[in-house]
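Beneath this line is the structure, given in structure tokens, with notes to follow.
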Amino acid sequence: MNRCTDLQERIAQGEPLAASPSSDEQQHLLDCAACAAVAASYSRLDATLRGMRDEVPDGFADRVLARIARERDADPPPRPWLLLALTPVCALIAAGNVAWFVLSSLLPAAGLGSAP
Ligand SMILES: [Zn+2]
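Count along the sequence shown from 1, then add 1161; that gives the number in the numbering used here.
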């Protein structure tokens, strides 16, 4: 990676740069329009994000966790009896379809699903 990429990645990750105006990083920001634009953009973004901070009301986390627990407890329990009841019904339907196919293949004269 080149110097600009490295510096821009450090800026994007919020790593502190050398503060001294005579430092290589600060000198590069003065000489390089691309890196200066990235630094200015992230500086504006950071300022905007700092301005958006709201205080979290007291007890907010406890209320959220309590609501999650209530909704989790309110979920209906799983119904294995429904699966157990539907499995033989599905098996009978599948067996009926297989029987229909076999009979219509073996007995075309009977008119089971084949064209006259
Ligand atoms: Zn640069």
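A virtual CB, placed ideally from N, CA and C, is assigned to each residue, including glycine.
query                                                                                                        : result
Gln1169 beta carbon near ligand 1 (any heavy atom closer than 8 Å)                                           : yes
DSSP-derived helix/strand/coil call for Asp1169                                                              : Here residue 1169 turns out to be Gln, not Asp, going by the sequence shown. Three-state result, Gln1169: helix.
Endpoints, alpha helix (DSSP H) assigned at Val1259                                                          : Pro1241 to Leu1267
Contact test: Ala1195 Cβ vs ligand 1 heavy atom, cutoff 8 Å                                                  : yes
Any non-hydrogen atom of ligand 1 closer than 8 Å to Arg1233 Cβ                                              : no
Segment contact flag, the stretch 1201 to 1217 with the stretch 1233 to 1252, C-beta cutoff 8 Å, min 3 pairs : no
Cβ neighbour criterion (16 or more within 10 Å) applied to Leu1226                                           : exposed
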